[in-house]
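Below is one structure; the comments refer to it alone.
Chains as they are written, first to last, in the working numbering: chain A, 5 to 244; chain B, 1041 to 1322.
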């Protein structure tokens, strides 16, 4: 589903952001990307939704290669990816319903199909009663739920979340994480970049840790019977 | 298309000041160009009026038979460069001379002037070379005593016309370029004001064509409105000048419509360029 093969990414001004990244995310997996700031988490996500092209190696997402995909192919691919950011990226002048509907409108969804789908996902994220509220009238957690609803409305097979709880308090963080787990349980793969090691420890999910643009730990590759990893680098195995 | 139109008008509604400023910028840029075009049009018309006075006079020897003159006039009239040939008798010549040079009217007598064939040339054949060539051909008739066409005057007029044409083209191109740059910058501001929306559109899978469409509609509408406003302002300026200073001629309908279409095209191309550049950057 997502395949990184020997991927490197260099920027002309800031130098190497990623090097020798190889991993594979399968259908329905929940993967945390962790690591300090500047370790390359966001760059990996940008490579997944093809905001960036790899400098070396190849990234394949649902068969589309990050090296050779046209802008049109990338647009088509993004319709099947849900993308969520720390800063929500909502349109301030539209209410929750319109923000979610926007994702369908720009992809030429028939008008009759838009309303029921928008209401379904708003209900799924627990915001059915706030459909007509504008972002400024919603809390951070609620705004992130709207962003998740917008990401879900096209029935994505992968949900990409870049620090989705970074701006939220503990309670809202738990709520958003539960929501993402629920989405994952329906078969949607989730790749979530986070700093929140407590959250990572509490979840029984795959963890890929990055440092200085390299993968330093991937729980999917930890050999059976191997010694348990350092606590600040790996989850404890507790479920959320 | 329906959504693109809605998005374009949402842009107008969301940022009415920016949109109005955009339309006004387009209008004033086109107004500056329109004023220049108006001046150029009136100078051209004035020169054309003067040019119409370019005339070759072939003076006919006394005693030439009317048949010979008539045959020669038929020949000369068939030259492709010639618009018409008129015979002016000595008596008519005297009346004209007295009218043209009234201060000498008392010294003119009817025997003083010969009859002449007055040759007018078609537009486009009033340059010094053609005038001279036609004059020389008309001078080959035996009964033609002398030829007059004010060689120096024709040459100076031609130089003035050439200068006016080149200056007009250069200034017109400069005005048009400035208008395109200002309008492009205005539209770029509108694109940047909606960069967040563009980023979200791309994030959720909108194609570049889809992202571009509302901006193209926006640029087209602003171009048409700016063009109409500029046309109105130019008309008002032309009327004011006509009433208070000198009678001026305004653009005919075809040119006026072309002006508005040019405004629309500049708006459309400015948007295409600005949003295209923005999409390359994101």
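Glycine included, C-beta positions come from ideal geometry on N, C-alpha and C. Bear in mind that the values here come from a model prediction, so they are computed numbers and not experimental data.
My guess is that residue 47 of chain A and residue 13 of chain A are in contact by the Cβ rule of under 8 Å, so how many angstroms apart are they, rounded? In the first chain, residue 47 of chain A corresponds to position 43, counting from 1. In the first chain, residue 13 of chain A corresponds to position 9, counting from 1. At roughly 6 Å, the Cβ-Cβ gap stays under 8 Å, so residue 47 of chain A and residue 13 of chain A are in contact.
What residues in its chain sit with their C-beta under 8 Å from that of residue 109 of chain A, if we drop five residues either side in the sequence? As a first step, residue 109 of chain A must be located in the first chain, where it is residue number 105. Excluding residues within five positions, the ones whose Cβ falls inside 8 Å are 118.
Where residue 225 of chain A falls, given that 16 or more other Cβ within 10 Å makes a residue buried: Taking the first residue of the first chain as position 1, residue 225 of chain A is located at position 221. Its Cβ having fewer than 16 others within 10 Å, residue 225 of chain A is exposed.
DSSP beta-bridge partners of residue 9 of chain A: Here residue 9 of chain A refers to the residue found at position 5 when the first chain is read from its first residue. DSSP output for residue 9 of chain A lists A:62 as bridge partner(s).
Examine chain B for any beta-carbon lying closer than 7 Å to the beta-carbon of residue 111 of chain A, and answer yes or no. Translated into the one-based positions of the first chain, residue 111 of chain A becomes position 107. Residue 111 of chain A counts as touching chain B.
So, residue 1274 of chain B versus residue 1282 of chain B, is the Cβ gap smaller than 7 Å? What you label residue 1274 of chain B is simply residue 234 of the second chain in a count that begins at 1. What you label residue 1282 of chain B is simply residue 242 of the second chain in a count that begins at 1. Result no, Cβ atoms of residue 1274 of chain B and residue 1282 of chain B do not sit closer than 7 Å.
If contacts are defined as beta-carbon pairs under 8 Å, then residue 1314 of chain B and residue 1234 of chain B qualify, I think. What distance do you get, rounded to the angstrom? Working through the second chain from its first residue, we reach residue 1314 of chain B at position 274. Working through the second chain from its first residue, we reach residue 1234 of chain B at position 194. Contact doesn't hold; Cβ gap of about 11 Å is too wide.
Would a C-beta distance cut-off of 7 Å place residue 53 of chain A and residue 85 of chain A closer than the cut-off? By 1-based counting over the first chain, the position of residue 53 of chain A is 49. By 1-based counting over the first chain, the position of residue 85 of chain A is 81. Yes; because the gap between Cβ atoms is below 7 Å, this pair is in contact.
At 3 residues or longer, what runs of the beta strand (DSSP E) sit wholly inside the stretch 1059-1122 of chain B? 1095-1100
Going by beta carbon distance, what residues of the same chain come within less than 8 Å of residue 21 of chain A, once the five residues before and after it are set aside? Counting from 1 along the first chain, the entry for residue 21 of chain A is found at position 17. The residues are 13, 14, 15, 44, 47 and 217.
How big is the Cα-Cα spacing for residue 1095 of chain B and residue 1126 of chain B? In the second chain, residue 1095 of chain B corresponds to position 55, counting from 1. In the second chain, residue 1126 of chain B corresponds to position 86, counting from 1. Residue 1095 of chain B and residue 1126 of chain B: Cα-Cα distance of roughly 11 Å.
Whose C-alpha, out of A:162, A:221 and A:172, is nearest the C-alpha of residue 6 of chain A? Against the first chain, residue 6 of chain A aligns to sequence position 2. Here the closest residue by C-alpha is A:162.
8 Å Cβ cut-off: residues of chain A touching residue 1246 of chain B: For the purposes of this step, residue 1246 of chain B is taken as residue 206 along the second chain, with counting starting at 1. What residue 1246 of chain B touches in chain A: 79, 110 and 111.
Status (buried if at least 16 other CB within 10 Å, exposed otherwise) for residue 94 of chain A: In the first chain, counting from the first residue as 1, residue 94 of chain A sits at position 90. By the 10 Å Cβ count, residue 94 of chain A comes out buried.
Would DSSP call residue 1248 of chain B helix, strand or coil? To locate residue 1248 of chain B, count along the second chain from 1; it is residue 208. DSSP places residue 1248 of chain B in helix when its eight states are reduced to three.
Name, please, each residue of chain B whose Cβ falls closer than 8 Å to the Cβ of residue 95 of chain A. Residue numbering aside, residue 95 of chain A sits at position 91 when the first chain is read from its first letter. The answer, in chain order, is 1236, 1237 and 1240.
Pairwise C-alpha distance: residue 1211 of chain B and residue 1077 of chain B: For the purposes of this step, residue 1077 of chain B is taken as residue 37 along the second chain, with counting starting at 1. For the purposes of this step, residue 1211 of chain B is taken as residue 171 along the second chain, with counting starting at 1. Taking the straight line joining both Cα atoms gives about 10 Å.
Three-state secondary structure (DSSP) of residue 1243 of chain B: As a position in the second chain, residue 1243 of chain B is number 203, starting the count at 1. Of the three classes helix, strand and coil, the one that applies to residue 1243 of chain B here is helix, per DSSP.
Determine whether the Cβ of residue 235 of chain A lies closer than 7 Å to any Cβ atom of chain B. The residue labelled residue 235 of chain A in the question sits at position 231 within the first chain. At residue 235 of chain A the pLDDT is 40, less than 50, meaning the model places this residue with poor confidence and gives no usable figure here.
Report yes or no: do three or more beta-carbon pairs, one from the stretch 150-161 of chain A and one from the stretch 169-178 of chain A, lie closer than 8 Å? no
Using 7 Å as the limit for Cβ to Cβ distance, is residue 75 of chain A near chain B? Sequence index remark: in the first chain, residue 75 of chain A carries index 71 (1-based). Judged by the 7 Å Cβ criterion, residue 75 of chain A is in contact with chain B.
In DSSP terms, what residue 212 of chain A is bridged to: Taking the first chain and counting its residues from 1, the one referred to as residue 212 of chain A is at position 208. Answer by DSSP bridge pairing, in chain order: A:37 and A:222.
Is residue 1054 of chain B close to chain A, meaning its C-beta is less than 7 Å from at least one C-beta of that chain? In the second chain, counting from the first residue as 1, residue 1054 of chain B sits at position 14. Yes, because at least one Cβ of chain A sits closer than 7 Å to the Cβ of residue 1054 of chain B.
Does residue 243 of chain A have its Cβ less than 7 Å from a Cβ in chain B? Position 239 of the first chain, counting from 1, holds the residue named residue 243 of chain A. Note that residue 243 of chain A scores a pLDDT of 35, beneath 50, so its modelled location is shaky and nothing firm can be said.
So does the stretch 1169-1179 of chain B actually touch the stretch 1108-1121 of chain B, counting three or more Cβ pairs closer than 8 Å? Taking a contact to require three or more Cβ pairs closer than 8 Å, the stretch 1169-1179 of chain B and the stretch 1108-1121 of chain B qualify as touching.
Checking contacts by CB at 7 Å: is residue 30 of chain A closer than that to chain B? Taking the first residue of the first chain as position 1, residue 30 of chain A is located at position 26. So, not an interface residue.
Cutoff 6 Å; reference residue 232 of chain A; Cβ partners in own chain excluding five residues on either side: Your numbering for residue 232 of chain A matches position 228 in the first chain. Confidence at residue 232 of chain A is low in this model, with a pLDDT of 45, below 50, so the placement of that residue is unreliable and no value is reported for it.
Residues near residue 1311 of chain B by beta carbon distance below 7 Å, same chain, minus five either side: The residue labelled residue 1311 of chain B in the question sits at position 271 within the second chain. 1227, 1255, 1256, 1258 and 1259, listed in sequence order.
Report yes if the CB atom of residue 164 of chain A is closer than 7 Å to the CB atom of residue 87 of chain A, and no otherwise. Here residue 164 of chain A is taken as the residue at index 160 of the first chain, counted from 1. Here residue 87 of chain A is taken as the residue at index 83 of the first chain, counted from 1. Yes, they are a contact pair.
Residue 47 of chain A beta carbon near the ligand NAD (any heavy atom closer than 6 Å): You won't find the ligand NAD in this model; it holds no ligand whatsoever.
Would you decide whether residue 58 of chain A is buried or exposed? Buried here means 16 or more other CB atoms lie within 10 Å of its CB. Indexing the first chain from 1 puts residue 58 of chain A at position 54. Residue 58 of chain A is buried by the Cβ-count criterion.
Roughly how many angstroms separate the alpha carbons of residue 243 of chain A and residue 70 of chain A, rounded to a whole number? Here residue 243 of chain A refers to the residue found at position 239 of the first chain. Here residue 70 of chain A refers to the residue found at position 66 of the first chain. The pLDDT assigned to residue 243 of chain A is 35, lower than 50, so where the model puts this residue is not dependable; a value taken from the coordinates is nonetheless given after this. Going from the Cα of residue 243 of chain A to the Cα of residue 70 of chain A covers about 34 Å.
Kindly identify the DSSP beta-bridge partner or partners of residue 1284 of chain B. Walking along the second chain from the start, residue 1284 of chain B turns up at place 244. Note: residue 1284 of chain B sits in no beta bridge, so no partner.
Length-filtered (4 minimum) alpha helix (DSSP H) runs lying within the stretch 141-206 of chain A: 144-156, 174-189 and 201-206
Going by CA-CA distance only, name the one from A:148, A:222 and A:214 that's closest to residue 40 of chain A. Walking along the first chain from the start, residue 40 of chain A turns up at place 36. Of A:148, A:222 and A:214, the residue nearest in Cα terms is A:214.
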